[in-house]
Structures are given as C-alpha cells and as structure tokens.
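My numbering puts the first residue of the sequence shown at 20, with every later residue one more than the last.
We treat Cβ as the ideally placed atom computed from N, Cα and C, and that holds for glycine.
Data first, discussion second: the structure below is written as structure tokens.
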Amino acid sequence: MSRANPLDAALDDFEPRPREDKPRPDRQAIEQVAKENGFVSRDARKLETAAAAPPLRRQRRFTTGRNQQINIKATPDTIARFNALAEALNIPAGALLERAVEALEDKYKR
C-alpha cells in the first residue's frame with residue numbers, strides 16, 4: 020500500500036491572487052495628526068538626552084573571594100543608608116557587613 024501525495028491534487032489549478040496596490044498615506048499628514056493628538060516621536064536623537072542622565076546608583080565590582088549570599092528584608096531607608104555608607108567607604112557591601120558585625124560583637128562582649 021502506498022501513501023497518497025497530498026500535494027498531488029489540483030495544484031495545476033492554483034493561481035495567485037493579483038496584488039492590490041494600496042495608496043500610501045501622506046507622511047506630513049500623519050505627523051500633523053500625531054502632533055495634534057500628543058504622540059511623541061521615538062527618534063534616536065531624543066533618546067540621547069535620556070541616556071545622558073546619570074544612573075541612580077553606580078555599579079561597583081570588587082573581587083573579594085566572598086561567595087555566599089545573604090538576603091535580608093529591610094526598609095528602603097535602611098538599604099539606602101547601607102549602600103551610601105559602602106559607597107562613602109569605597110568597600111564592598113560584604114566588607115561593610117563584616118565591619119558592622121565585628122562592631123556589634125565588640126560592643127556586646129563586655
């Protein structure tokens with residue numbers, strides 16, 4: 020028993036539909052309608068000013084040998100103070116945590 024070829028049927032009758040040329044809208048009319056309705060252009064030249072804005076927090080990379088992660092919930096204010104202190108001391112967050120733990124241990128060893 021042989022399989023039937025599904026493409027064998029009526030391919031000789033196939034004709035593509037003729038292409039309908041649609042009129043292209045006027046570019047200036049589109050820009051005018053967009054301007055009237057408050058649509059902003061996404062041109063790259065306008066994005067340059069947004070890219071020039073400084074990031075909220077500069078990424079800092081340190082090679083420290085620390086390979087364990089700790090995930091602690093805190094308030095946004097506490098996190099901002101922690102990051103600001105690490106930035107001011109120019110040390111990694113892990114080193115700042117180590118210093119904080121040592122300071123608390125020294126305080127409560129009395």
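Collapsed DSSP secondary structure at residue i in the structure displayed
i, result
"residue 118", "helix"
"residue 91", "coil"
"residue 55", "helix"
"residue 23", "coil"
"residue 81", "coil"
"residue 46", "helix"
Proximity test, residue i beta-carbon vs the ligand ATP heavy atom, cut-off 7 Å
i, result
"residue 38", "In terms of ligand content, the structure shown is empty, and the ligand ATP therefore cannot be addressed."
8 Å contact criterion, which residue i and residue j should meet: CB distance rounded
i, j, result
"residue 108", "residue 115", "7 Å"
The segment 84-97 in contact with the segment 50-63 per 3-pair CB rule at 8 Å: no
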